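S.K.: Using UniProt numbering, the first residue of the sequence shown is number 1, and each one after it goes up by one.
Using N, Cα and C, we set each Cβ at its ideal position, and we do this for glycine too.
Small disclaimer: the values here were computed from a predicted structure and weren't measured.
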Amino acid sequence: MIRTRFAPSPTGFLHIGGVRTALFSWAYARKHGGTFVLRIEDTDLERSTPESVKAILDGMHWVGLDYDEGPFYQTHRFDRYKEVIQQLVAAGHAYPCYCSKEELEALRAEQEANGEKPRYDRRWRPEAGKTLPAAPAGITPVIRFKNPRDGVVAWDDAVKGRIEISNTELDDLIIARPDGSPTYNFCVVVDDLDMQISHVIRGDDHVNNTPRQINILKALNAPLPIYGHLPMILNEDGQKMSKRRDAVSVVDYADKGILPEALLNYLARLGWGHGDDELFDMAQFVEWFTLEAVSGSPSRFNNEKFLWLNAQYIKAADNARLVGMIAARLAAANVDTSHGPALADVIGLVKERVQDLNALAVEVDYFYTKREPQAADIEKHLSADSHARMLRFADKLAALDSWDAASIHALFKPFCAEEGIKMGQLGMPLRVLVCGTAQTPSVDAVLALIGKEEVLRRMRA
Numbered sequence: 001m002i003r004t005r006f007a008p009s010p011t012g013f014l015h016i017g018g019v020r021t022a023l024f025s026w027a028y029a030r031k032h033g034g035t036f037v038l039r040i041e042d043t044d045l046e047r048s049t050p051e052s053v054k055a056i057l058d059g060m061h062w063v064g065l066d067y068d069e070g071p072f073y074q075t076h077r078f079d080r081y082k083e084v085i086q087q088l089v090a091a092g093h094a095y096p097c098y099c100s101k102e103e104l105e106a107l108r109a110e111q112e113a114n115g116e117k118p119r120y121d122r123r124w125r126p127e128a129g130k131t132l133p134a135a136p137a138g139i140t141p142v143i144r145f146k147n148p149r150d151g152v153v154a155w156d157d158a159v160k161g162r163i164e165i166s167n168t169e170l171d172d173l174i175i176a177r178p179d180g181s182p183t184y185n186f187c188v189v190v191d192d193l194d195m196q197i198s199h200v201i202r203g204d205d206h207v208n209n210t211p212r213q214i215n216i217l218k219a220l221n222a223p224l225p226i227y228g229h230l231p232m233i234l235n236e237d238g239q240k241m242s243k244r245r246d247a248v249s250v251v252d253y254a255d256k257g258i259l260p261e262a263l264l265n266y267l268a269r270l271g272w273g274h275g276d277d278e279l280f281d282m283a284q285f286v287e288w289f290t291l292e293a294v295s296g297s298p299s300r301f302n303n304e305k306f307l308w309l310n311a312q313y314i315k316a317a318d319n320a321r322l323v324g325m326i327a328a329r330l331a332a333a334n335v336d337t338s339h340g341p342a343l344a345d346v347i348g349l350v351k352e353r354v355q356d357l358n359a360l361a362v363e364v365d366y367f368y369t370k371r372e373p374q375a376a377d378i379e380k381h382l383s384a385d386s387h388a389r390m391l392r393f394a395d396k397l398a399a400l401d402s403w404d405a406a407s408i409h410a411l412f413k414p415f416c417a418e419e420g421i422k423m424g425q426l427g428m429p430l431r432v433l434v435c436g437t438a439q440t441p442s443v444d445a446v447l448a449l450i451g452k453e454e455v456l457r458r459m460r461a
């Protein structure tokens, strides 16, 4: 039975790299009829916050990645971790270490001075024929895992291929702090074991944790999951994405007017591909997805391609669905949509002109409130002659019995002939005067939606 998991730490926002990890784990479970588990790894009590937990849950809901089990919280499982720690100590796979912080700092300084890799020297590790000193008074020990001294930890990574790491590169990691609280690498092992996770799909920043976790699983005589480590996402400059330079959290993208399905579609294409296919829904992605098709190399986030993809989803989106998203943005800008054309109709007219929802809200606003035109547009399009001409055209509009795009359009050609002007000399001033901008969709359709009374009011103001 396929069982995957997404296991973020609630120490900040939900990063898009995490969303891609969740997406690939979710897709693999869905493709194989398996189970997708959400686990909150909150053992870092100092940095974990309820706000971050909420951000993770809200982010998962926003992108639409549904989980079958969870969320499970590591802080709710401390009794289970202590039980397994005692089991390891009793079996001789873990031991108490009484080194003080000062001793460890002195050891590190000595090793660095000698050009050695800093690591614990196993002074409290029980060995055959080794006599340990008496436990010092006043020091509560940590518990360390007794990592094998020799041999190689090897696994066939589902993304990166064969990986081998010598045990000589690993020291005896701490699995329980002096206060008894378990550490990250240990909790992950127990959780994956208890939750019967078959495939651990995660970022390749965890590659170095994997041999330690494998050794603990072997000490517990537990089956090993299949590991697949996903390469990181880089920004357009080829650098690791950072909060300071880049939009990296789900909240950032929601605020920037990105549709969640566009974000998932784009993230799916970062490090995975199916021929030249760019635009696909999640049902199609699940059908196509394999771990073998995931690249082992980092991917670059291309903002231009991303916005193009978002624009395709906006064009295809149901106008009624977009209404709620745009109405909220207009309300935040104090634009009242309670009077005027139906917002869904306006969205349908202008949405092909934009790449994000924020731009769509801007395109919509002049249907409800006239913008103040830019000085350059006034100078270019609203001369004294143009103003007089607009008043004459307003009279033509006022005489219409039927107010629709076709009836308005029918006035253009004869009016231009009567005035001896080209269509641009009518359409551009008309746009600037009524809408406050020279950039609009077809002006007859715009006027039809704004409404006769409001159009005439703006033209004659």
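(1) DSSP three-state call for Ala376: helix, strand or coil?
(2) Please go through the segment 199 to 251 and give each complete beta strand (DSSP E) segment of 3 or more residues, from N-terminal end onward.
(3) Between which two residues does the alpha helix (DSSP H) containing Leu38 stretch?
(4) According to DSSP, which residues form a beta bridge with Ser166?
(5) Suppose only complete runs of 4+ residues qualify. What are the alpha helix (DSSP H) ranges in the segment 378 to 427, listed by chain order?
(6) How close, in whole Å, do the beta carbons of Asp42 and Thr4 come, if the pair is a contact with beta carbons under 8 Å?
(7) Going along the chain, which residues of its own chain have a beta-carbon closer than 7 Å to the beta-carbon of Pro148, five neighbours each way excluded?
(8) Report the start-end ranges of each beta strand (DSSP E) in the segment 74 to 160 that is 3 residues or longer and not cut off at the edges.
(9) For Arg353, write down the residues that DSSP places opposite it in a beta bridge.
(10) So, are the CB atoms of Asp157 and His229 less than 7 Å apart?
(11) What are the boundary residues of the beta strand (DSSP E) that Phe6 is part of?
(12) Under the DSSP definition of a beta bridge, which residues are partnered with Trp272?
(13) Measuring CB to CB, does Ser299 end up less than 7 Å from Leu270?
(14) In terms of DSSP beta bridges, what is Ser299 paired with?
(15) Here's a check: name, in chain order, each residue in its chain whose Cβ is nearer than 6 Å to the Cβ of Leu322, leaving out the five neighbours to either side.
(16) If you draw a straight line from the alpha carbon of Gly18 to that of Leu217, how long is it in whole angstroms?
(17) Can you name the residues that DSSP bridges to Glu69?
(18) Bridge partners of Pro182, per DSSP?
(19) Is the segment 130 to 142 close to the segment 83 to 90, with three or more CB pairs under 8 Å?
(20) Check whether the segment 65 to 82 touches the segment 30 to 39, counting contact only when three or more Cβ pairs, one atom from each stretch, lie closer than 8 Å.
(21) Span of the alpha helix (DSSP H) holding Arg329?
(22) Shortest alpha-carbon distance to Lys351 belongs to which of Gly257, Ile2, Ile175?
(23) Just verifying my parser: in three-state terms, what is the DSSP assignment at His61?
(24) If you drop the 5 nearest sequence neighbours on each side, which residues of the same chain put their C-beta closer than 8 Å to that of Asp365?
(25) Taking 7 Å as the threshold (C-beta atoms), are Val455 and residue 466 in contact?
(26) Would you call the segment 158 to 165 and the segment 128 to 135 touching, i.e. three or more CB-CB distances under 8 Å?
(27) Within the same chain, show all residues whose beta-carbon is closer than 6 Å to that of Pro71, passing over the 5 residues directly before and after it, in chain order.
(28) Is it the case that the Cβ atoms of Glu112 and Pro118 are separated by a distance below 7 Å?
(29) By Cβ distance below 6 Å, which residues in the same chain neighbour Tyr368 in space, the five residues on each side in sequence not counted?
(30) Could you spell out where the alpha helix (DSSP H) holding Tyr366 opens and where it closes?
(31) Rounding to the nearest angstrom, what Cα-Cα distance links Glu102 and Phe78 in this structure?
(32) What number of angstroms, rounded off, separates the C-alpha of Ser52 from the C-alpha of Phe13?
(33) Determine which residues share a DSSP beta bridge with His32 and list them.
M.R.: Let's see:
(1) For the purposes of this step, residue 376 is taken as residue 376 along the sequence shown, with counting starting at 1. Helix.
(2) 199 to 203, 226 to 230
(3) Position 38 of the sequence shown, counting from 1, holds the residue named residue 38. First-last for Leu38: 35 to 40, but that is the beta strand (DSSP E), not the alpha helix (DSSP H).
(4) For the purposes of this step, residue 166 is taken as residue 166 along the sequence shown, with counting starting at 1. DSSP lists Val152 as partners of Ser166.
(5) Correct list: 384 to 398, 405 to 419.
(6) As a first step, residue 42 is located in the sequence shown; it is residue number 42 there, counting from the start. As a first step, residue 4 is located in the sequence shown; it is residue number 4 there, counting from the start. Not really, about 20 Å apart at Cβ, beyond 8 Å.
(7) As a position in the sequence shown, residue 148 is number 148, starting the count at 1. Closer than 7 Å at Cβ, skipping near neighbours: Asn167, Asn215.
(8) 94 to 97, 142 to 145, 152 to 157
(9) One-based indexing of the sequence shown puts residue 353 at position 353. Answer is none; Arg353 lacks a bridge partner.
(10) Within the sequence shown, the letter at position 157 stands for residue 157. Within the sequence shown, the letter at position 229 stands for residue 229. Yes.
(11) Counted from its first residue, the sequence shown places residue 6 at position 6. Counting along the chain, the beta strand (DSSP E) containing Phe6 begins and ends at 3 to 6.
(12) Locating residue 272 in the sequence shown gives position 272, counting from the first residue. According to DSSP, Trp272 bridges with Val294.
(13) For the purposes of this step, residue 299 is taken as the residue at position 299 of the sequence shown. For the purposes of this step, residue 270 is taken as the residue at position 270 of the sequence shown. Yes. Within cutoff.
(14) For this step, residue 299 is matched to residue 299 along the sequence shown. In the DSSP output, where bridge partners are listed per residue, Ser299 has Ile233.
(15) By one-based count along the sequence shown, residue 322 stands at place 322. Cβ neighbours of Leu322 beyond the five flanking positions: Ile347.
(16) Here residue 18 refers to the residue found at position 18 when the sequence shown is read from its first residue. Here residue 217 refers to the residue found at position 217 when the sequence shown is read from its first residue. Each residue's alpha carbon lies about 25 Å from the other.
(17) Translated into the one-based positions of the sequence shown, residue 69 becomes position 69. Per DSSP, Val37.
(18) Your numbering for residue 182 matches position 182 in the sequence shown. In the DSSP output, where bridge partners are listed per residue, Pro182 has Ala176.
(19) no
(20) yes
(21) Sequence index remark: in the sequence shown, residue 329 carries index 329 (1-based). Its alpha helix (DSSP H) spans residues 319 to 332.
(22) Walking along the sequence shown from the start, residue 351 turns up at place 351. When each option's Cα is compared against that of Lys351, the closest is Gly257.
(23) Here residue 61 refers to the residue found at position 61 when the sequence shown is read from its first residue. Helix at His61.
(24) Along the sequence shown, read from residue 1 onward, the residue named residue 365 stands at position 365. Hits under 8 Å: Leu330, Ala333, Val335, Arg371.
(25) No answer is possible for residue 466: it lies beyond the span of the chain, which begins at 1 and ends at 461.
(26) no
(27) Start at 1 with the first residue of the sequence shown, and residue 71 comes out as number 71. Taken in chain order, the residues that qualify are Leu38, Ile40.
(28) Indexing the sequence shown from 1 puts residue 112 at position 112. Indexing the sequence shown from 1 puts residue 118 at position 118. It is a contact, given that the beta carbons lie within the stated cut-off.
(29) For the purposes of this step, residue 368 is taken as the residue at position 368 of the sequence shown. Taken in chain order, the residues that qualify are Val335, Thr337, Gly340.
(30) The residue labelled residue 366 in the question sits at position 366 within the sequence shown. From DSSP, Tyr366 is part of no alpha helix (DSSP H); its letter is neither H nor E.
(31) In the sequence shown, residue 102 corresponds to position 102, counting from 1. In the sequence shown, residue 78 corresponds to position 78, counting from 1. Distance between the alpha carbons of Glu102 and Phe78 is about 28 Å.
(32) Taking the first residue of the sequence shown as position 1, residue 52 is located at position 52. Taking the first residue of the sequence shown as position 1, residue 13 is located at position 13. Cα to Cα, Ser52 sits roughly 6 Å from Phe13.
(33) The residue given as residue 32 occupies position 32 in the sequence shown. Answer is none; His32 lacks a bridge partner.
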